[in-house]
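One structure below.
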């Protein structure tokens with residue numbers, strides 16, 4: 286029986302992926318082997334923890350580096366909330382172009398009397414804004430969400446330019462060939478062509494503050510920017526200066542901060558990009574699946590700190606090992622197995638920089654594995670016997 290703690294509200298369909306006869310799941314579970322989380326910051330990993338599954342894409346609330354050192358895979362759910370975020374990005378695109386927000390606020394402030402129709406006709410021009418059809422949209426990051434946004438914007442008759450230095454072959458196939466894709470060398474010059482920009486890149490040390498004062502100097506004056514990715518991608522001081530100077534006409538973001546509030550050219554939403562019943566269920570189901578398959582079978586899918594490693598489970602004895610990427614770890618293991626008459630049926634080994642994850646299935650069902658000998662191998666970080 287594995288103990289899995291839920292942090293935040295996890296959709297019931299996700300919990301259902303962890304059958305009650307094998308998993309003890311709940312918010313009050315102590316010393317968990319698994320954690321299911323959404324956005325709450327995790328500070329205590331605990332001595333028994335084997336895996337964390339984030340029901341969402343970003344993992345900045347999880348100490349990934351410490352998890353990696355301990356051989357704890359951190360799972361996320363890429364693409365599970367893509368349609369939810371895509372729809373709100375398109376709404377943000379329209380909000381940045383037409384002053385819908387200002388128009389609603391103005392109308393709601395009118396007194397209820399017979400003068401309303403006349404006031405509306407007199408003041409409606411204050412809220413005029415351009416159509417997006419025929420304008421140029423830049424999409425930085427063409428993954429699950431960015432690719433959907435690029436395709437939909439093209440179908441809305443926008444000119445779409447995409448940039449992604451890490452574009453995978455699978456992602457490229459999903460993007461319309463009508464979307465212009467620029468190279469790393471062309472990225473800087475791209476921004477001067479854009480009427481609108483939407484950003485869909487992960488927050489990392491490399492991307493922190495990527496959109497800074499130097500970036501805004503490259504932009505076409507009057508650009509409208511949508512950020513439903515992460516607040517930290519933008520230098521907010523430089524952003525405010527760009528708005529003040531007229532370089533940025535509108536900024537729409539899902540990440541409010543005190544510095545951004547109260548500016549008429551900034552529209553903030555309360556982090557609702559994936560707040561739909563469908564997205565929450567999809568994320569929970571994917572997170573539950575990944576947690577189940579790892580705890581029961583040692584398989585890794587969609588981990589942000591370890592590569593995928595899958596081996597069909599046949600019921601044989603299985604050894605799951607995180608070890609340093611140094612010589613003789615696997616050699617020592619196979620020597621020990623051979624000494625105790627264990628034959629290796631299947632093996633998969635995948636590296637993640639300085640750490641390697643290895644799955645090994647052996648065929649001797651009657652004899653107990655030499656667990657103490659295996660655990661004593663130099664270079665092992667942790668080992669599980671299934």
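Residue numbers (our numbering): 286 to 671.
Using N, Cα and C, we set each Cβ at its ideal position, and we do this for glycine too.
Endpoints, beta strand (DSSP E) assigned at residue i
| i | result |
| --- | --- |
| residue 632 | 629 to 637 |
| residue 552 | 551 to 553 |
| residue 311 | 308 to 311 |
| residue 536 | 533 to 538 |
| residue 509 | 508 to 512 |
| residue 292 | 287 to 292 |
Those residues which DSSP pairs with residue i across a bridge
| i | result |
| --- | --- |
| residue 605 | 644, 669 |
| residue 448 | 425, 467 |
| residue 588 | 360 |
| residue 336 | 319 |
| residue 594 | 585 |
| residue 519 | 496 |
Per-residue DSSP class, three states only, for residue i
| i | result |
| --- | --- |
| residue 342 | coil |
| residue 618 | helix |
| residue 611 | coil |
| residue 324 | coil |
| residue 436 | helix |
| residue 461 | coil |
| residue 574 | helix |
| residue 419 | coil |
| residue 329 | coil |
| residue 443 | coil |
| residue 454 | helix |
| residue 504 | coil |
Proximity test, Cβ basis, 8 Å: residue i and chain B
| i | result |
| --- | --- |
| residue 376 | Within the model displayed, chain B is absent; a lone protein chain is all it includes. |
Where the alpha helix (DSSP H) through residue i begins and ends
| i | result |
| --- | --- |
| residue 482 | First-last for residue 482: 481 to 484, but that is the beta strand (DSSP E), not the alpha helix (DSSP H). |
| residue 369 | 367 to 382 |
| residue 386 | 385 to 393 |
| residue 350 | 349 to 355 |
| residue 402 | 401 to 408 |
| residue 490 | Residue 490 -> no alpha helix (DSSP H), and no H or E assigned at all. |
| residue 557 | Looking at the DSSP string, residue 557 is not in any alpha helix (DSSP H), and its letter there is neither H nor E. |
| residue 299 | 297 to 300 |
| residue 478 | No alpha helix (DSSP H) contains residue 478, which DSSP labels as neither H nor E. |
Residue i vs residue j beta-carbon contact at 8 Å
| i | j | result |
| --- | --- | --- |
| residue 430 | residue 370 | yes |
| residue 511 | residue 381 | yes |
| residue 437 | residue 375 | yes |
| residue 607 | residue 642 | yes |
| residue 378 | residue 488 | no |
| residue 484 | residue 514 | yes |
| residue 509 | residue 535 | yes |
| residue 662 | residue 609 | no |
| residue 618 | residue 335 | no |
| residue 659 | residue 585 | no |
| residue 528 | residue 497 | no |
| residue 644 | residue 602 | no |
| residue 344 | residue 310 | no |
| residue 500 | residue 472 | no |
Closer than 7 Å: residue i CB and nearest the ligand GDP heavy atom
| i | result |
| --- | --- |
| residue 460 | Of ligands this structure carries none, so the ligand GDP is not represented either. |
Three Cβ pairs or more, each shorter than 8 Å: is that satisfied between the stretch 460 to 467 and the stretch 315 to 324?
no
Okay, do the stretch 568 to 575 and the stretch 292 to 306 touch, 3+ Cβ pairs below 8 Å being the bar?
yes
Would you check if the stretch 579 to 599 and the stretch 612 to 628 touch, i.e. whether three or more CB-CB distances between them fall below 8 Å?
no
Examine the Cβ distances between the stretch 515 to 531 and the stretch 445 to 458 and report whether three or more of them are shorter than 8 Å.
no
Check whether the stretch 417 to 427 touches the stretch 355 to 369, counting contact only when three or more Cβ pairs, one atom from each stretch, lie closer than 8 Å.
In short, these stretches do not touch, since the Cβ pair count stays below three.
Touching or not, the stretch 298 to 309 and the stretch 592 to 599, by the rule of three or more beta carbon pairs under 8 Å?
As far as the Cβ criterion goes, the stretch 298 to 309 does not touch the stretch 592 to 599, which means the pair count is below three.
Are the stretch 341 to 352 and the stretch 533 to 547 touching by the rule of at least three beta carbon pairs closer than 8 Å?
These segments do not touch.
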